[in-house]
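Since the structure comes first, as structure tokens, the remarks are kept for the end.
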Amino acid sequence: MVLSKMFFYSGAIAVALAVGGVESASARARCAKSFVYLDLGDTILDTKTDHYNPMYYLPGAREFIAELAKKGHPVGLITDIPPEWGEHYPAQAPVLDRDSAQVLRMMDFIAGLMPEDEVSWRVGDAPFDWSAFGQFSGQGEKRVFHGRILLPHLKSERKDTGNPILFKRALRQAKMAGCRALYL
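Each residue of the sequence shown is one higher than the one before, counting from 218 in my numbering.
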């Protein structure tokens with residue numbers, strides 16, 4: 218697959234694990250393209266080189282996501298941001314939907330809008346493009362995120378604990394559309 222070669226050639230390390238399993242012929246017929254879930258840190262963004270300051274796309278990652286979307290693959294994120302980021306955010310008008318608040322806080326973190334986090338986005342780089350992963354609807358506290366960003370609700374759900382719940386959510390999300398899921 219050309220997409221894989223482009224991404225691997227870029228120098229990023231990625232391991233493809235099918236989380237799909239066997240689906241029926243009717244499910245395959247409903248689904249045009251597999252869902253592709255990516256890890257945010259050190260698969261899409263370099264978060265280790267300068268410990269989040271600044272953050273930036275790994276070489277080829279932005280183009281890889283755009284190519285997946287162009288070819289019709291629903292693209293998602295699986296990431297280990299702190300579950301407490303969904304609590305009372307933003308402070309002046311907290312979003313009522315906890316998952317949406319958590320996504321909003323993550324977006325602000327990556328954009329370098331949280332001075333207390335001492336992080337930044339690399340000057341001169343285009344901002345992180347969230348459009349492939351979903352969008353918000355509503356206003357103020359009633360904003361709701363609709364998309365494919367999967368986050369831990371509890372510390373025990375983080376990937377580094379070995380809990381497969383985020384991967385199971387990805388599989389469920391893809392299966393609801395009659396598709397397979399792939400995690401890179």
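Note that the Cβ used here is the ideal one computed from N, Cα and C, for glycine as well.
Item checked: His268, buried or exposed, once every other Cβ within 10 Å from all chains shown has been counted against 16 -> Here residue 268 is taken as the residue at index 51 of the sequence shown, counted from 1. Exposed, because fewer than 16 other Cβ atoms sit within 10 Å of the Cβ of His268.
Notebook entry, point to check: For Phe384 versus Ile295, is the C-beta distance shorter than 8 Å?
Noted result: For this step, residue 384 is matched to residue 167 along the sequence shown. For this step, residue 295 is matched to residue 78 along the sequence shown. Yes, the pair counts as a contact, with Cβ atoms nearer than the cut-off.
Next item on the list: Quick one: grab the DSSP three-state call for Leu401.
Entry: Taking the sequence shown and counting its residues from 1, the one referred to as residue 401 is at position 184. Coil at Leu401, not helix or strand.
Check: Do you know offhand how far Lys359's Cα is from Trp302's?
Finding: Residue 359 sits at position 142 when you count from the first residue of the sequence shown. Residue 302 sits at position 85 when you count from the first residue of the sequence shown. Approximately 17 Å, taken between the alpha carbons.
Checklist line | Rounded Cβ spacing between Leu275 and Asp256 (contact assumed at less than 8 Å) | finding: Reading the sequence shown from its first residue, position 58 is the one you call residue 275. Reading the sequence shown from its first residue, position 39 is the one you call residue 256. 11 Å between Cβ atoms; not a contact.
Notebook entry, point to check: Which residues in the same chain have their Cβ closer than 6 Å to the Cβ of Pro369, if we skip the five residues on either side of it in sequence?
Noted result: Counting from 1 along the sequence shown, the entry for residue 369 is found at position 152. Taken in chain order, the residues that qualify are Pro300, Arg375.
Margin query: Which of the three DSSP states is assigned to Leu321 in this structure?
Written below: As a position in the sequence shown, residue 321 is number 104, starting the count at 1. Leu321 carries a helical assignment under DSSP once its states are collapsed to helix, strand and coil.
Margin query: By alpha-carbon positions, which one of Pro271, Gly289, Leu313 ends up nearest to Asp342?
Written below: Working through the sequence shown from its first residue, we reach residue 342 at position 125. Between Asp342 and the set Pro271, Gly289, Leu313, the nearest pair of CA atoms involves Pro271.
Check: Which residues bound the beta strand (DSSP E) around Ile298?
Finding: As a first step, residue 298 must be located in the sequence shown, where it is residue number 81. Bounds of any beta strand (DSSP E) do not take in Ile298, whose DSSP letter is neither H nor E.
Notebook entry, point to check: Using the beta-carbon count (16 or more within 10 Å), is Leu371 buried or exposed?
Noted result: The residue given as residue 371 occupies position 154 in the sequence shown. Exposure of Leu371 is indicated by the presence of fewer than 16 other C-beta atoms within 10 angstroms of its C-beta.
Notebook entry, point to check: Just how far apart, CA to CA, sit Val292 and Ala283?
Noted result: The residue given as residue 292 occupies position 75 in the sequence shown. The residue given as residue 283 occupies position 66 in the sequence shown. Going by C-alpha positions, Val292 is about 9 Å away from Ala283.
Next item on the list: Determine which residues share a DSSP beta bridge with Gly303 and list them.
Entry: Locating residue 303 in the sequence shown gives position 86, where the first residue counts as 1. Note: Gly303 sits in no beta bridge, so no partner.
Item checked: Range of the contiguous alpha helix (DSSP H) that encloses Gln390 -> If you number the sequence shown from 1, residue 390 lands on position 173. Gln390 -> alpha helix (DSSP H) spans 382-393.
Next item on the list: May I have the straight-line CA-CA distance separating Pro332 from Leu321, to the nearest angstrom?
Entry: One-based indexing of the sequence shown puts residue 332 at position 115. One-based indexing of the sequence shown puts residue 321 at position 104. In a straight line, the C-alpha of Pro332 is about 15 Å away from that of Leu321.
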